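Participant:
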Amino acid sequence: MDRPGLYREDLEVVRPKGTIVTFGQASGPVSPFAPLKLSPKALKVARPNLGPFIAEPEDFARYATEILDIISKGGLKFEIYKVYCFTVEGVA
Numbered sequence: 001m002d003r004p005g006l007y008r009e010d011l012e013v014v015r016p017k018g019t020i021v022t023f024g025q026a027s028g029p030v031s032p033f034a035p036l037k038l039s040p041k042a043l044k045v046a047r048p049n050l051g052p053f054i055a056e057p058e059d060f061a062r063y064a065t066e067i068l069d070i071i072s073k074g075g076l077k078f079e080i081y082k083v084y085c086f087t088v089e090g091v092a
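Residues in the sequence shown are numbered consecutively from 1, following UniProt numbering.
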């Protein structure tokens, strides 16, 4: 599904000097848009990609350790609603 540039709502809900982030395939492709639409609120658009951050095994290990440490200290909270068996039947 092509996303026609930035939605008007994206520009309305982000705070002044904020950043609109489109992350990988989860966000889908972003069509060209007029950068002047960002000017009234001094907005930024970012399209990060995980690959460069974990290009080396040491990078992956460092970031994994860091995020697990943050989770263990309660800095990142989430709930697991359901656990699926990692089998052909469970994945289906």
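All C-beta atoms, glycine included, are put in the ideal place defined by N, C-alpha and C.
These figures come from a predicted structure and were not determined experimentally.
Can you give the Cα-Cα distance for GLU58 and PRO48, rounded to whole angstroms?
Facilitator: 20 Å
Participant: For PHE60, I'd like the list of residues in its chain whose CB is within less than 6 Å of its CB, leaving aside the five on either flank, ordered along the chain.
Facilitator: ILE54
Participant: From PHE78 to THR65, what does the alpha carbon distance come to, in whole angstroms?
Facilitator: Looking at the two C-alpha atoms, the distance is approximately 18 Å.
Participant: Using the three-state DSSP reduction, which class does ALA55 fall into: helix, strand or coil?
Facilitator: coil
Participant: Roughly how many whole angstroms lie between the Cα atoms of ARG8 and THR87?
Facilitator: 42 Å
Participant: Pairs of beta-carbons, one from the stretch 38 to 45 and one from the stretch 67 to 75, closer than 8 Å: are there three or more?
Facilitator: no
Participant: DSSP three-state label for LYS73, please.
Facilitator: If DSSP states are grouped into helix, strand and coil, LYS73 belongs with coil.
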